[in-house]
Amino acid sequence: MADSATRPTEHHPGPSQVPAWRDVYILASIRGLSVAGDIMAATALTLMLQKNGAGAYAVMALLLAATVPPVLLSPLTGRFADRFDSRRLIVTVGTLQALVCAAMTMLSSPALLIALSVLLSTGLAFTHPVFGGLPGAMVGKENVPRASSISQTTAMGGMVAAPAVAGFMTGHFGVTIPLALDSVSFLVVALGGLLITTRLHPNRGGAAQPGDGTQPAEAVYRISSDRFLRAVLVLSGAVMACACIINVLIVFYVRDTFGASDQVYGLIMSSWMVGLVPGALLVRRIKRLSHEFILIGSFLCIGVGILGAGLAPSVWWIAPFYMLGGFGNGAQATVTHILLNLRVPQAYRGRAFAALGAVSNTGPVTGYLLGGVVLSFTQPRYAFFAAGVFVLLALLGFAKNVLKSASEPAVEAPLSTTPADAAAAAAS
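Its first residue numbered 20, the sequence shown is counted upward by one per residue in our numbering.
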């Protein structure tokens, strides 16, 4: 009987195995709850800082707390996702995140709350690669577009409701209630992890299996060797940097420039989220356009949405442009997940999604840093306008490279020719 370390860890649906759609819906549900809880907490803390007179740099620090850990920890979190039992990771991290949010409800110091936000986002850095890699194992590559669309749509549904709910609750009850709900959402995530039957690496504890002393296969395969994915990630980082500049400025744009209330701020934030759901659904339903053309169109929507928001004559004019930007954001996020599941071998998918998380958050880190600086010498409106123009220029510069490299075949994982090599590749 072969050693369990050499068996495939992915549960591919075959002739006698039905795709695990039940698991897909459970995964989508817990992702939606997790995302909603995070956004509620972030929105509540942002409003608290603004109400207490904190400036752009305090808001920037809070947003950096949510984005820096996935960037710095991506080499580690990707390896964890490719080595450890996915169920244990989801349950353990979800439980720890619930405890962190519970601790937040008992604190009022901005510095301590920002420090705990770092711990919260560290947990997300570990679960994101697992959530990204599970759909392919649940349903197989042929069903990945549908499964990814379901997962992304449900997660974005949580994004739609969270800002408005958080704005309403913070305005009426303070910051404690949104944080308490966030804690409950992570407990539900941990419970949902127990209900998912599909498991990546169920018999693996993370230790490397003995080999013959040769170099593991991980030294050969890199996501950067795929020119198409490399171009997609670079463009995504540039666009997200611009989008996140306005994420720093939006609370000041809405509250100070237009003098709107907490509730209006929450509704404006939700308008971006409202566009996410149809954007995610569109990817699966459009059959005539390739994924790369949909990706380019999604970036175009983001750029026009940001630019239009900067030209808004009143606060409510921001909403339709935010919906357009959110529509593009939803399509972009979904098609990127589909492309990684289709082009990256299962054994390296955790590291691929960790790389996506790192690139996606490097853009926001840059944007948040620039957002605080920009607000110190210009008005939010002008920053919105400049960010929108930059997105369109970045798209113009990289679109040709994305479309040209899309026709290149995906880079295959190196094949193991001996049992020792197979064990080393599985452990890498």
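Even glycine gets a Cβ: it sits at the ideal position worked out from N, Cα and C.
Residue i versus residue j - alpha carbon distance
{"i": "L115", "j": "T141", "result": "10 Å"}
{"i": "P38", "j": "H356", "result": "19 Å"}
{"i": "G232", "j": "A156", "result": "A caution first: G232 carries a pLDDT of 42, below 50, which makes its placement in the model unreliable, though a value can still be read off. Whole-angstrom Cα-Cα distance: 30 Å."}
{"i": "M125", "j": "R107", "result": "28 Å"}
{"i": "G322", "j": "V258", "result": "8 Å"}
{"i": "G369", "j": "F346", "result": "27 Å"}
{"i": "M288", "j": "M67", "result": "16 Å"}
{"i": "F247", "j": "Q171", "result": "22 Å"}
{"i": "Y367", "j": "L135", "result": "30 Å"}
{"i": "M175", "j": "A352", "result": "10 Å"}
{"i": "L82", "j": "P197", "result": "17 Å"}
{"i": "L254", "j": "L388", "result": "19 Å"}
{"i": "T62", "j": "E311", "result": "33 Å"}
{"i": "P129", "j": "M123", "result": "10 Å"}
{"i": "M292", "j": "L252", "result": "22 Å"}
{"i": "S309", "j": "L219", "result": "29 Å"}
{"i": "P94", "j": "R241", "result": "12 Å"}
{"i": "Q282", "j": "T173", "result": "24 Å"}
{"i": "P193", "j": "V119", "result": "Note on identity: in this sequence residue 193 is Gly, with Pro being the wrong assignment. Cα to Cα, the separation comes out at about 18 Å."}
{"i": "V10", "j": "G344", "result": "Given that the chain is displayed from residue 20 to residue 447, the structure contains no residue 10 and the question cannot be resolved."}
{"i": "S280", "j": "G324", "result": "22 Å"}
{"i": "L415", "j": "D57", "result": "33 Å"}
{"i": "V354", "j": "T195", "result": "36 Å"}
{"i": "C263", "j": "S127", "result": "26 Å"}
{"i": "R102", "j": "V334", "result": "48 Å"}
Cβ neighbours of residue i in the same chain (closer than 6 Å, five flanking residues each side left out)
{"i": "A144", "result": "P88, P89, L92 and T96"}
{"i": "F404", "result": "G329"}
{"i": "C261", "result": "A406, F409 and V410"}
{"i": "A117", "result": "S202, F205 and L206"}
{"i": "R249", "result": "S243"}
{"i": "E161", "result": "none"}
Inter-residue CB distance, residue i and residue j (contact presumed, cutoff 8 Å)
{"i": "G256", "j": "V378", "result": "5 Å"}
{"i": "M59", "j": "L200", "result": "6 Å"}
{"i": "A100", "j": "A402", "result": "Not a contact, Cβ separation roughly 36 Å."}
{"i": "L64", "j": "L131", "result": "That pair is no contact at about 11 Å."}
{"i": "H147", "j": "G327", "result": "That belief does not hold up - the Cβ atoms of H147 and G327 are roughly 30 Å apart, past 8 Å."}
{"i": "S290", "j": "M342", "result": "5 Å"}
Closest residue to residue i among the options (Cα-Cα distance)
{"i": "C320", "options": "A180, P332, P339 and A331", "result": "P339"}
{"i": "N348", "options": "T381, I313 and L361", "result": "I313"}
{"i": "A84", "options": "L210, A100, Y284 and L138", "result": "L138"}
{"i": "K70", "options": "Y284, V384 and I196", "result": "Y284"}
{"i": "L46", "options": "L153, P94 and A134", "result": "L153"}
{"i": "G159", "options": "W291, V354, W40 and L394", "result": "W40"}
{"i": "V149", "options": "L81, L210, L415 and D104", "result": "D104"}
{"i": "I337", "options": "L210, L66, S244 and L286", "result": "L286"}
{"i": "S244", "options": "D57, A371, L82 and T216", "result": "A371"}
{"i": "A209", "options": "T217, L219, G113 and R218", "result": "G113"}
{"i": "S168", "options": "I305, V384, L412 and L198", "result": "I305"}
Neighbourhood of residue i by C-beta, 7 Å cutoff - its chain only, sequence neighbours within 5 removed
{"i": "V207", "result": "I49 and L52"}
{"i": "A121", "result": "S202"}
{"i": "P332", "result": "none"}
{"i": "V163", "result": "P154, G155, I357, N360 and L361"}
{"i": "A183", "result": "G285, L286 and S289"}
{"i": "L214", "result": "I45"}
{"i": "G211", "result": "I45, S48 and I49"}
{"i": "R98", "result": "R370"}
{"i": "A413", "result": "L254, A257 and V258"}
{"i": "A73", "result": "P129"}
{"i": "A77", "result": "L68 and P129"}
Cutoff 8 Å; reference residue i; Cβ partners in own chain excluding five residues on either side
{"i": "A350", "result": "G298, A299, L301, V302, I313, L314, G316, S317 and C320"}
{"i": "A75", "result": "V267, L268, F271, G390, G391, L394 and S395"}
{"i": "R165", "result": "V158 and R303"}
{"i": "D42", "result": "L153, M157, I215, T216 and T217"}
Can you confirm whether the stretch 186-200 touches the stretch 46-53 when touching is taken to mean that 3 or more C-beta pairs between the two stretches lie within less than 8 Å? no
So does the stretch 411-421 actually touch the stretch 262-274, counting three or more Cβ pairs closer than 8 Å? no
- Message: Tell me whether the stretch 168-183 and the stretch 292-305 touch, counting them as touching only if at least three CB pairs, one residue from each stretch, are closer than 8 Å.
- Response: yes
Q | Inter-stretch contact at 8 Å, needing at least 3 Cβ pairs: the stretch 388-404 / the stretch 270-282 | A | yes
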